[in-house]
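What follows is a single structure, written as structure tokens, with notes after it.
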Amino acid sequence: MPRLPGSAPAGSRLGAASGAAPRLFRRGAGQVRTAAVGARVVIDSPKWRRLAGMGIDELTVRGRQATWTLLERFGVAGGARPPRDATGGRGGSRARPDPLARFRETVRDRFFPGACDAASASVLRSRLPRAAGALLAAAESVCAGRFDLLGYRGLRFGDPIDWHLDPVSGRRSPPGHWSRLDPLDASRAGDSKVVWELNRHQWMVILGQAYRLTGEERFAQAFARQATHWMEANPPQRGINWASSLEAALRLISWTWTMALVASSQVLTAAMFARLVWCIEAHARHIERHLSRYFSPNTHLTGEALGLFYAGAVFPWLRGAARWRALGARILGEQSERQVLPDGVHFELSTCYQRYTAEFYLHFLILARRQGIAVPAPLHARLERLIEFLLAVRRPDGSVPSLGDDDGGALLPLALRPPGDFRGLFALAAAFLGRADFAWAAGGPAPEVLWVLGPRGLESLEALDPAPPASAPSRLFPSGGYAVMRSGWDRAAHHAILDAGPLGCSVSGGHGHADLLSIQCSAFGEPFLVDPGTGVYAAGRPWRDHFRSSAAHSTVEVDGRPQAVPEGPFRWRHRPAACLRRFVSTEHYDYADADHDAYGRLPDPVRHRRRVIFARRRYWVLVDDLEGEAEHRIELRFQFAPLPVSMDDDSWARARGAGGGGLLLRAFARIPLQASLLCGESAPFQGWISPAYGRAVPAPLLVYRTQGRLPLRIVTLLYPIASSLDPPPRVRLAGDSGSAPDGLALAHGDGLFDALAWGDDGVVLRRA
1116 MPRLPGSAPA GSRLGAASGA APRLFRRGAG QVRTAAVGAR VVIDSPKWRR LAGMGIDELT
1176 VRGRQATWTL LERFGVAGGA RPPRDATGGR GGSRARPDPL ARFRETVRDR FFPGACDAAS
1236 ASVLRSRLPR AAGALLAAAE SVCAGRFDLL GYRGLRFGDP IDWHLDPVSG RRSPPGHWSR
1296 LDPLDASRAG DSKVVWELNR HQWMVILGQA YRLTGEERFA QAFARQATHW MEANPPQRGI
1356 NWASSLEAAL RLISWTWTMA LVASSQVLTA AMFARLVWCI EAHARHIERH LSRYFSPNTH
1416 LTGEALGLFY AGAVFPWLRG AARWRALGAR ILGEQSERQV LPDGVHFELS TCYQRYTAEF
1476 YLHFLILARR QGIAVPAPLH ARLERLIEFL LAVRRPDGSV PSLGDDDGGA LLPLALRPPG
1536 DFRGLFALAA AFLGRADFAW AAGGPAPEVL WVLGPRGLES LEALDPAPPA SAPSRLFPSG
1596 GYAVMRSGWD RAAHHAILDA GPLGCSVSGG HGHADLLSIQ CSAFGEPFLV DPGTGVYAAG
1656 RPWRDHFRSS AAHSTVEVDG RPQAVPEGPF RWRHRPAACL RRFVSTEHYD YADADHDAYG
1716 RLPDPVRHRR RVIFARRRYW VLVDDLEGEA EHRIELRFQF APLPVSMDDD SWARARGAGG
1776 GGLLLRAFAR IPLQASLLCG ESAPFQGWIS PAYGRAVPAP LLVYRTQGRL PLRIVTLLYP
1836 IASSLDPPPR VRLAGDSGSA PDGLALAHGD GLFDALAWGD DGVVLRRA
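For what it's worth, the numbering used here labels the leading residue of the sequence shown as 1116, then goes sequentially.
In structure tokens form, the structure reads like this:
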């Protein structure tokens, strides 16, 4: 099972091509292309195009931030030394007789009750002993210098910890002012995502939890020792760990939580507390000066706003506290309207980042209520819609599928869970919002509820009568472009998602994939067709480009070209448009009709239209139309989960699930289709999935290939079987032999018969 990043595919060559190409100048992370046109010089690069599109407000904000950056470089702003006394005088705080005593007295009323109530730990030990044991084991690993981060296990960063090291590549980011570093330059910094994951210090919260569970001072001592060393090795504005305001905010939140958890420890002396608060204040100042208002105004900005709100709410005696609290609340309110689409889908079109956003707003609303701060009602409603979408796409086995980028990150992992396990989020939302359907999705008590809301929160959760959503199981999300089709809410249900939304958010599409009209499906509760995952970000470009490519998803490729071409790890050269034109859900079937214009850029433009029909409780039919005039090479791909898949003699692909069930798949067309199964190929990459950031595992990929003159229609049957040995149905295409199939007839093994017809006006299903 390889770790990522990997090398480029064998035989590939990276470098400048020979010939009379325009001169390229290296400019930071981008390239500037210059060419003489008459008497003018045309400058073309992503950065120049971005600059040309900036408005006055953006130029003003960026100019102000650039000024702060210059002042920091010359030592005029920031960089104050830690305080030497208990009052934190050098940190710019208002003088207090004993800030630590004040913190210990007020934190129970100002912070999350679960983090401050000793009963939370005792209830966790008695009610959820396995979760308590897992936390203690994780804390022991941290004390031994072993870190489980993202998809990596047992990473070591040295003793003492090298806070700038990426142990996967062995590279260490250079020193200097943060603005002089390029975190996406893997040749110098390694994988900044790995470095930043260590420096989020969420593992420090685990140490605080272990202290609460055991009362052993060694866990609090480990926190104090590592926090002290971090402050010495990472002075404000110096190094990669100050290069992202979001990372600074998440670290601030981790420190605040850990301080609350170890508040009663002897290790938290007045001097230690003063140093910690000084550093939190430095973080808040840095975040305020370098908010991602235009650089990355998505979860970066909302996470930064939450960090400011934390600092202002929990440490009210700091000079900027009131301003940070108000600014954070205002940004979170404004961004909820901008980032949460009307149907509840987060505008980055990623279930991972939707989870981030839901967690940000849950923490904000709970903490605001503790502070007595009124929050507009629409914000509560948007939070509920965010979680309703996650509940709708949740698979029958309880996992939430990947859509778009999924690096496995979370605001604050208060329990150890695998990727796709959102039960803690559902449980906390159920307890706070009083939602029985969220409680049903949670499946029972969760450690997150105890740590955030305390025993009373657990009582609120268990007072609910869990029940699946009252709405129909199949649902359209028109703003996000997702059609969910399911047979029911039971554990053995069939479930599918058609992705007909845009390529990522409107800002950059950075976390989107070229997966237009792709499909995922589960049969008898088990995932069969899946999203391939993410791989890595900047550290392994070939892997990065593969996992977000069209070829890695269950959709159609034309002439071997992707639907969109990457322009760096978080941008695209062009942004094709998809449109979900129709969705109908009836008692007997669901029907979705969508298309996209990605191949309109070809010399002979091609339009891909996909219709998905779900014959209730039985099977899916995919009708793919490729409309054009010339001859083209067509590839229809289906990415399976890592499970056994074979080709039967009669051209059916047979996937065998771990639970005994299976999925049969076969494509039909009027011209010959060549089917092949690929798994773990490296030249080029084919047949891989990434179950967690930094990991790749082989998984079967079924490809149907053909070449001919368009138009072309391919009809694919996805047929769940209760036993992986069940025979396939008998299938006959409808329509004249010289025309595209406009229906099919199925004879099932139980003697039942279906006749299905489709046209531009919809679907007709007859059963006998």
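All residues carry an ideal CB built from backbone N, CA and C; glycine is no exception.
These numbers were taken from a predicted model, which means no experiment stands behind them.
_Going by beta-carbon coordinates alone, are H1628 and D1520 separated by less than 9 Å?_
By 1-based counting over the sequence shown, the position of residue 1628 is 513. By 1-based counting over the sequence shown, the position of residue 1520 is 405. Cβ atoms of H1628 and D1520: closer than 9 Å.
*What whole-angstrom Cβ distance do R1261 and R1271 have, given they're in contact under 8 Å?*
Here the question's residue 1261 lines up with position 146 in the sequence shown. Here the question's residue 1271 lines up with position 156 in the sequence shown. Rounded, the Cβ-Cβ distance is 6 Å, consistent with contact.
*With which residues is F1729 paired in a DSSP beta bridge?*
Position 614 of the sequence shown, counted from the first residue, corresponds to residue 1729. According to DSSP, F1729 bridges with D1705 and W1735.
*How would you write the range of the beta strand (DSSP E) that R1268 sits in, first residue to last?*
Here residue 1268 refers to the residue found at position 153 when the sequence shown is read from its first residue. Y1267 to L1270 is the span of the beta strand (DSSP E), which, as asked, contains R1268.
_Only counting the same chain, and skipping five residues up and downstream in sequence, which positions put a Cβ closer than 7 Å to that of Q1317?_
Looking up residue 1317 in the sequence shown gives position 202. For Q1317, where only same-chain residues beyond five positions count, the Cβ hits under 7 Å are S1369, L1527 and P1528.
*asked:* From the DSSP secondary-structure annotation, give me the bridge partner or partners of V1597.
replied: Numbered from 1 along the sequence shown, position 482 holds the residue referred to as residue 1597. Residue identity differs from the one stated: residue 1597 is Tyr in this sequence, not Val. DSSP links Y1597 through a beta bridge to F1592 and D1614.
*Between the Cα of I1402 and the Cα atoms of T1371, P1691, A1375 and L1361, which residue gives the shortest distance?*
To locate residue 1402, count along the sequence shown from 1; it is residue 287. Residue L1361 holds the alpha-carbon nearest to the alpha-carbon of I1402 among T1371, P1691, A1375 and L1361.
*DSSP-derived helix/strand/coil call for H1628*: Reading the sequence shown from its first residue, position 513 is the one you call residue 1628. Three-state DSSP puts H1628 in coil, outside helix and strand.
*Assigned exposure category for A1216 - 16 Cβ within 10 Å defines buried*: Position 101 of the sequence shown, counting from 1, holds the residue named residue 1216. Result: exposed.
_Cβ contact check for the region 1221-1240 and the region 1760-1779: 3 or more pairs under 8 Å_ = no
_In DSSP terms, what F1698 is bridged to_ = On the sequence shown, position 583 is the one that residue 1698 refers to. Answer by DSSP bridge pairing, in chain order: A1707.
*Span separating the alpha-carbon of E1474 from that of L1540*: By 1-based counting over the sequence shown, the position of residue 1474 is 359. By 1-based counting over the sequence shown, the position of residue 1540 is 425. Distance between the alpha carbons of E1474 and L1540: 7 Å.
*Would you say M1346 faces chain B, with C-beta separation under 9 Å as the test?*
Going by chain labels, chain B is absent from the structure shown, which holds only one protein chain.
_Own chain partners of L1867 with C-beta closer than 6 Å, once the 5 adjacent residues on each side are dropped_ = What you label residue 1867 is simply residue 752 of the sequence shown in a count that begins at 1. Counting only Cβ-Cβ distances below 6 Å, and skipping sequence neighbours, we find nothing.
_Considering only DSSP beta bridges, list what F1800 is partnered with._
Translated into the one-based positions of the sequence shown, residue 1800 becomes position 685. In DSSP, F1800 forms a bridge with S1797.
*Using alpha carbons as the reference points, say which of Q1754, I1749, R1781 and V1599 lies closest to M1762.*
Residue numbering aside, residue 1762 sits at position 647 when the sequence shown is read from its first letter. If we check each option's Cα against that of M1762, R1781 comes out closest.
_Cβ pair count under 8 Å reaching 3, the region 1581-1594 against the region 1376-1384_ = no
*For R1726 versus A1713, is the C-beta spacing smaller than 9 Å?*
As a first step, residue 1726 must be located in the sequence shown, where it is residue number 611. As a first step, residue 1713 must be located in the sequence shown, where it is residue number 598. No.
*Residues near F1537 by beta carbon distance below 7 Å, same chain, minus five either side*: As a working note, residue 1537 is residue 422 in the sequence shown. Answer for F1537: R1470, L1505 and V1515, listed in chain order.
*Considering only C-alpha positions, which residue in the set E1452, S1517 and S1465 is nearest to A1492?*
To locate residue 1492, count along the sequence shown from 1; it is residue 377. Residue E1452 is the option with its Cα nearest to A1492.
*Give a yes or no on contact between the region 1836-1850 and the region 1300-1316, applying the rule of three or more CB pairs nearer than 8 Å.*
Look at the beta carbons and you see the region 1836-1850 not touching the region 1300-1316: under three pairs across the two are nearer than 8 Å.
*asked:* Between the alpha carbons of V1671 and R1785, how many angstroms are there, rounded?
replied: The residue labelled residue 1671 in the question sits at position 556 within the sequence shown. The residue labelled residue 1785 in the question sits at position 670 within the sequence shown. V1671 and R1785: Cα-Cα distance of roughly 17 Å.
*Can you tell which of L1565, F1553 and S1623 has the C-alpha that lies nearest to the C-alpha of W1604?*
Within the sequence shown, numbered from 1, the residue matching residue 1604 stands at position 489. Cα-wise, what sits closest to W1604 is F1553.
*How big is the Cα-Cα spacing for D1646 and L1548?*
Counting from one through the sequence shown, the residue named residue 1646 turns up at place 531. Counting from one through the sequence shown, the residue named residue 1548 turns up at place 433. Their backbone Cα atoms lie some 31 Å apart in a straight line.
*asked:* Short of 6 Å in beta carbon distance, which residues of its chain neighbour Q1678, apart from the five on each side in sequence? Order them along the chain.
replied: Working through the sequence shown from its first residue, we reach residue 1678 at position 563. These residues qualify, in order along the chain: A1629, L1631, S1665, P1691 and A1713.
*Hey, could you find the ends of the alpha helix (DSSP H) D1884 is sitting in?*
Not covered by the structure: residue 1884. The range shown for the chain is 1116 to 1883.
_Beta-carbon separation (whole angstroms), L1477 vs G1448, contact threshold 8 Å_ = Residue numbering aside, residue 1477 sits at position 362 when the sequence shown is read from its first letter. Residue numbering aside, residue 1448 sits at position 333 when the sequence shown is read from its first letter. Not confirmed; about 15 Å, so no contact.
*Rounded to whole angstroms, what's the CA-CA distance from H1723 to C1636? Just pull it up for me.*
The residue you call residue 1723 lines up with position 608 of the sequence shown. The residue you call residue 1636 lines up with position 521 of the sequence shown. One C-alpha to the other measures close to 20 Å.
*Residues bridged to D1232 by DSSP?*
Position 117 of the sequence shown, counted from the first residue, corresponds to residue 1232. In DSSP, D1232 forms no bridge with anything.
*By how many angstroms is the C-alpha of D1458 removed from the C-alpha of Q1450?*
As a working note, residue 1450 is residue 335 in the sequence shown. As a working note, residue 1458 is residue 343 in the sequence shown. Between Q1450 and D1458, the C-alpha separation is close to 16 Å.
_Paired residues, beta bridge with E1742 - DSSP_ = As a first step, residue 1742 is located in the sequence shown; it is residue number 627 there, counting from the start. Its beta-bridge partners are R1722.
*Report the rounded CA-to-CA distance for E1332 versus F1388, giving the unit in angstroms.*
In the sequence shown, residue 1332 corresponds to position 217, counting from 1. In the sequence shown, residue 1388 corresponds to position 273, counting from 1. In this structure, the alpha-carbon of E1332 lies about 16 Å from that of F1388.
_Report the start-end ranges of each alpha helix (DSSP H) in the region 1644-1673 that is 4 residues or longer and not cut off at the edges._
Runs found: 1656-1662.
*Reference G1334, options H1610, W1555 and A1252, closest by Cα*: To locate residue 1334, count along the sequence shown from 1; it is residue 219. Rather than Gly, the amino acid found at residue 1334 in this sequence is Phe. Closest by alpha carbon: A1252.
*Comparing alpha-carbon positions, which option in A1420, G1323 and D1277 lies nearest S1314?*
Locating residue 1314 in the sequence shown gives position 199, where the first residue counts as 1. Ser is not the amino acid found at residue 1314; the sequence shown has Asn there. Per the Cα distances, D1277.
_Distance, H1405 Cα to L1421 Cα_ = Locating residue 1421 in the sequence shown gives position 306, counting from the first residue. Locating residue 1405 in the sequence shown gives position 290, counting from the first residue. Each residue's Cα considered, the two are about 14 Å apart.
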